Amino acid sequence: MGIQKRLVGSYLVVICLTVLILEIFLVFSLRYYYFHNIERILMNQAELSASFFQQYFADEDLEKQSERLLKGFANNSDAQVQIIDPSGRLLQDSTGLPGNNIMMKFVDVQEAVKGLPGVWKGEDPATQEAILAVSYPLKANDTIVGGVRFITSLTETISTVNQITVLLICVGMLVIAIVTILGLVLSRTITRSIKDLKQAADQMTEGNFSIRVHKRYRDELGTLADTLNMMASRITKSEQLKNDFISSVSHELRTPLTSIKGWIITLKSNGVDNKPLLHDGLDIIESESDRLTRMVDELLDFSKLDNGRITIHFEPVDLTELIQRIVRQLAPRAARQGISLEIQTGEALPTIQADENRLKQVLINLIDNSIKFTSPSGRILVHAYTAPRKVVIIVEDTGSGITDEDLNNVLQKFYKGDQHASGSGLGLAISEQIIKLHHGELRITSTVGKGTIVQIELPV
Amino acid sequence: MPSKFIRIGAMLTTLWLLGGCGVPATPLDTIKPPLSKANMQRYKTSQELIKLLPEKAQLLAPIQGQEGQDISFGDMDGDGIDEAVVVYEDNENIGNTLKAALFKQQNETWQKISEVNGFGYGLEYAGIFDIDHDGNNELALGWSLGDAGKGLDVYRLSEDKLKLLSKKAFHEELNLE
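First to last, the sequence lines map onto chains W and A.
Quick note: the first sequence uses numbering that gives the first Met the number 0, first residue 0, plus one each step.
Quick note: the second sequence uses numbering that gives the first Met the number 0, first residue 0, plus one each step.
As C-alpha cells, this is what we get:
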C-alpha cells in the first residue's frame with residue numbers, strides 16, 4: 000500500500016471514529032433533551048395543578064367542580080388533560096372524550112391513584128399513535144380524591160428528533176468528505192516529494208547521475224533531496240577524475256616508453272659505431288626507466304593507500320642528515336635548470352621516530368614539484384627548525400604559485416592543476432597520507448606569481 | 000492539522016449546544032416602556048431588590064391593582080417605614096417555583112426578612128393593607144390557576160416572619176373588602 004493511501008486511510012479512520020462517537024453522543028443527547036424535557040414540562044404542570052387544587056379547592060367535591068378545574072388545568076397547556084377519580088374513572092377530558100371510561104389499564108393512572116406521580120410512554124390503544132402520559136394524584140387533606148392526567152402526542156417530537164438526527168448525520172458525512180479531500184491534498188504534499196526522490200534514486204541506480212531531484216519544501220524530505228543531489232554530483236565528479244586519471248596515466252606511461260623505444264631503434268642502427276651516442280642513449284633509457292618505475296611505484300603506493308594497506312616502519316631518523324642527502328641528490332637536476340637549491344638548518348634537529356624511506360619520498364616529491372614549477376634563475380629553499388613538541392620542515396620556492404581554486408584540490412587524489420601536465424596527480428595526495436600516518440600535518444600556502452610554501456610538521 | 004481544528008470546533012459546538020450557555024434575550028424580551036420620573040425611584044429600588052434575589056429569578060407583576068408594578072409597598076410592622084413585597088419566579092428548581100419575598104429597609108439598605116411559596120400559574124394580586132381592620136396591615140397575595148379559579152393568601156408579620164392568617168378560594172373577581 001502506498002504512503003498516500005496509508006496517510007489518507009489513517010486520516011479517514013480517525014475522523015470516521017471521531018464523527019461516529021460524536022454523532023452517537025449528539026443523537027442520544029438530542030433524544031434525551033426532547034423526551035426528558037417534555038416529560039418534565041408535563042410533570043411540572045401536573046404538579047402545579049395538583050398543588051393549587053390541594054391549597055384552595057380541596058374542600059369542594061372533585062366531581063362537582065371538575066369541569067371548572069379542567070379549564071384551569073388546561074389553561075397553560077396544549078396537551079390533552081384529564082381528571083380521574085380514585086377508582087380510575089374518567090371525570091373530564093379536554094378533548095371531549097366521553098366520561099366514565101375506566102382508565103386503570105394505564106400504568107401512570109395506577110401510580111396516581113396510589114398517590115405517586117406516574118409516567119407512561121406507549122401507543123394510544125385506539126389510534127396506535129405514540130403518546131406520553133403523566134398522572135399526578137389530587138389530594139385533599141391527605142386523602143387521594145383523584146388524579147390529573149396530561150397526555151401529549153409524540154408524533155411531532157419523533158419527527159423533529161428524526162429530522163435533526165438526519166441533519167446531524169448529513170453534517171457528519173460532510174465533515175468526513177471535507178477531511179477526505181483535505182487529506183488527499185495534504186498527503187500529496189508529502190507523497191509528491193517522496194515520489195520525486197524515489198524516481199531520482201531509481202535513475203541513479205540505473206547509472207544516470209546527471210539527474211537532480213526537485214526540492215519542493217524546506218523540510219526533512221527537502222534535505223534528503225539536497226543530500227541525494229550532492230551525492231550524485233560527487234559521484235559524477237569522482238567519475239570524471241577517474242577518467243582523467245586513466246587517460247593521463249596512460250599518456251604518462253607512454254611518454255617514457257616512446258622515448259625508450261626511439262633510442263633503442265636509434266642505437267640498434269647506429270649505436271655499435273658511435274660510442275658517445277650509445278652512452279647518451281643508454282643514459283636516457285636508464286633515466287626514462289627510472290621515471291617509469293617511479294610512476295608505477297606511485298600507483299602501487301596509491302592503491303595500497305586506498306586500501307589502507309600502507310605500513311609505516313618507525314625507526315630513529317636523523318632529519319639533518321636526511322635533508323642534506325636529499326638536497327645533494329636533487330641539486331644536479333636543479334642546477335641543470337638554473338635553479339638554486341639551498342638548505343638552511345639552524346640548530347641541530349632532533350632524531351625522530353619515522354619511516355625514513357617514506358619521509359624521503361615525501362621530500363623528494365615536494366622538491367621535485369618545486370623544480371617542475373620554478374623557472375630558471377629561481378630559488379628553492381629547504382629549511383627546518385624545532386618548535387615545542389614538533390619539528391617543522393619547510394620547502395619554499397619562487398615558482399609560479401597555485402591559484403586558490405587549485406589549492407583547495409591539490410591534496411585530492413588524481414587532481415592536476417593542468418590536465419595536460421605530466422605526472423599522475425597522486426604525488427601530493429600520497430605525501431599527505433604519509434605525513435598523516437606519521438601523525439603530522441602538511442600545509443600548503445601559495446601566492447600566484449610569487450611562489451609556494453609547503454610546511455610539514457612532525458611530532459617529536 | 001485541519002482535522003484537528005474540525006474536531007475541536009465540533010467539541011466546542013457540542014459543549015455550547017449542551018450547555019446552552021447564556022442564550023441572549025430575544026428582541027421581544029427587550030421591549031419595555033421608558034422610565035418616567037416617578038418610576039425612577041421605584042426602578043432603583045427594584046434593581047436593589049433584584050440583587051438580593053436568586054440569580055435566575057424573574058419578577059412577576061400582579062394582574063390586578065398597583066398599576067402592574069412588580070413591587071408592592073406598605074408598612075407591615077407599624078414602624079412607619081414601608082416594607083416591600085416582591086413576587087418572583089425562581090427558575091433554579093424544578094416544580095413549584097413561585098415565591099414571594101418580604102424586604103425591610105434598615106439604614107437605607109434593604110434586607111430580605113421572610114419568604115413564602117406561591118401556587119398556580121401566576122400572580123393575580125399583591126398588596127399590603129389592613130384587611131381585617133385590626134389596625135395592622137396585612138399582606139394579601141392572590142394566586143391564579145387560570146379559569147379554574149384563584150386563591151387568596153393573607154399573611155401577617157410577626158417577629159419578622161410571615162405567618163399565614165387565612166387561605167381562601169375565589170372563582171370570580173377578587174373582592175378584597
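From the three backbone atoms N, C-alpha and C, an ideal C-beta is built for every residue, glycine too.
Source: prediction; values computed, not measured.
query: Does the CB of Asp77 (chain W) have a neighbour CB from chain A at under 9 Å?; result: no
query: Using the beta-carbon count (16 or more within 10 Å), is Lys149 (chain A) buried or exposed?; result: buried
query: Just how far apart, CA to CA, sit Ala78 (chain W) and Tyr55 (chain W)?; result: 24 Å
query: Which runs of the beta strand (DSSP E) spanning at least 3 residues fall entirely within the region 350-423 of chain W, listed in chain order?; result: 350-353, 378-386 and 389-396
query: Excluding the five sequence neighbours on either side, which residues of its own chain have a C-beta within less than 7 Å of the C-beta of Ser9 (chain W), listed in chain order?; result: none
query: How about Phe118 (chain A): is its C-beta nearer than 9 Å to some C-beta of chain W?; result: yes
query: Please return the same chain residues whose Cβ sits closer than 8 Å to the Cβ of Asp58 (chain W), not counting the five positions on each side in sequence.; result: Ala139
query: Identify the continuous beta strand (DSSP E) that holds Gln81 (chain W) and give its terminal residues.; result: Gln79 to Ile83
query: Going by DSSP, which residues form a beta bridge with Arg155 (chain A)?; result: A:Lys162
query: Note down, in chain order, every chain A residue with its Cβ under 7 Å from the Cβ of Thr17 (chain W).; result: Arg6
query: Residues in the same chain with beta-carbon distance under 7 Å from Arg290 (chain W), minus the five sequence neighbours each way, listed in chain order, please.; result: Pro255
query: Taking Cβ positions only, does Asp69 (chain A) come closer than 9 Å to chain W?; result: no
query: Cβ of Val86 (chain A) within 9 Å of Cβ of Leu51 (chain A)?; result: no
query: Against chain A, with Cβ distances strictly below 9 Å, would Asp58 (chain W) count as a contact?; result: yes
query: Give a yes or no on whether the minimum CB-CB distance between Tyr55 (chain W) and chain A is below 9 Å.; result: yes
query: Measure the CB-CB distance between Gly377 (chain W) and Thr397 (chain W) and report whether it falls below 9 Å.; result: yes
query: Out of W:Arg332, W:Leu358, W:Asp225 and W:Leu173, state which residue places its alpha-carbon closest to the alpha-carbon of Glu22 (chain W).; result: W:Leu173
query: Tell me which same chain residues have a C-beta within less than 7 Å of the C-beta of Lys70 (chain W), skipping the five on either side of it?; result: none
query: Taking the straight line between their C-alpha atoms, what separation do you get for Phe105 (chain W) and Ala129 (chain W)?; result: 14 Å
query: Using a Cβ-Cβ cutoff of less than 6 Å, which residues in the same chain neighbour Asp111 (chain A) once the five nearest sequence positions on both sides are dropped?; result: Looking at the sequence shown, residue 111 (chain A) is not Asp but Lys. Taken in chain order, the residues that qualify are Leu51, Ala100 and Phe102.
query: Find the nearest neighbour of Thr204 (chain W) within the set W:His213, W:Val7 and W:Met230, judged by alpha-carbon distance.; result: W:Met230
query: Report all residues from its chain with a CB closer than 8 Å to the CB of Lys162 (chain A); omit the five preceding and five following residues, and keep chain order.; result: Tyr154, Arg155 and Leu156
query: Assuming Phe313 (chain W) contacts Gln352 (chain W) under a Cβ cut-off of 8 Å, what Cβ separation, rounded to an integer in Å, is found between them?; result: 5 Å
query: Output the distance between the C-alpha atoms of Asn408 (chain W) and Glu440 (chain W), rounded to the nearest integer angstrom.; result: 16 Å
query: For His35 (chain W), which option in W:Leu11, W:Pro97, W:Phe51 and W:Ile157 has the closest C-alpha, if you only look at C-alpha atoms?; result: W:Ile157
query: Restricting to Cα atoms, I'd like to know which of A:Leu27, A:Asp81, A:Asp133 and A:Lys55 is closest to Trp109 (chain A).; result: A:Asp81
query: Less than 9 Å between CB atoms is the rule here; does Leu14 (chain A) satisfy it with respect to chain W?; result: no
query: Do you know offhand how far Pro97 (chain W)'s Cα is from Glu62 (chain W)'s?; result: 15 Å
query: Checking contacts by CB at 9 Å: is Phe501 (chain W) closer than that to chain A?; result: Nothing about residue 501 (chain W) can be reported from this structure: the residues present for chain W run from 0 to 459 only.
query: Mapping DSSP to helix, strand and coil, what is Asp282 (chain W)?; result: helix
query: Using the beta-carbon of each residue, which ones in chain W are nearer than 9 Å to Ala177 (chain A)?; result: Missing from the structure shown is residue 177 (chain A); chain A here goes from 0 to 176 and no further.
query: I need the straight-line Cα distance from Ile218 (chain W) to Leu410 (chain W), nearest angstrom please.; result: A small fix is needed here, since residue 218 (chain W) is Asp in this sequence, not Ile. If you take the alpha carbons of Asp218 (chain W) and Leu410 (chain W), they lie about 35 Å apart.
query: Quick check: the Cα distance between Pro33 (chain A) and Ser113 (chain A), rounded to an integer number of angstroms?; result: 31 Å
query: Between the alpha carbons of Leu14 (chain A) and Arg148 (chain W), how many angstroms are there, rounded?; result: 35 Å
query: Tell me the DSSP bridge mates of Gly126 (chain A)?; result: A:Ala139
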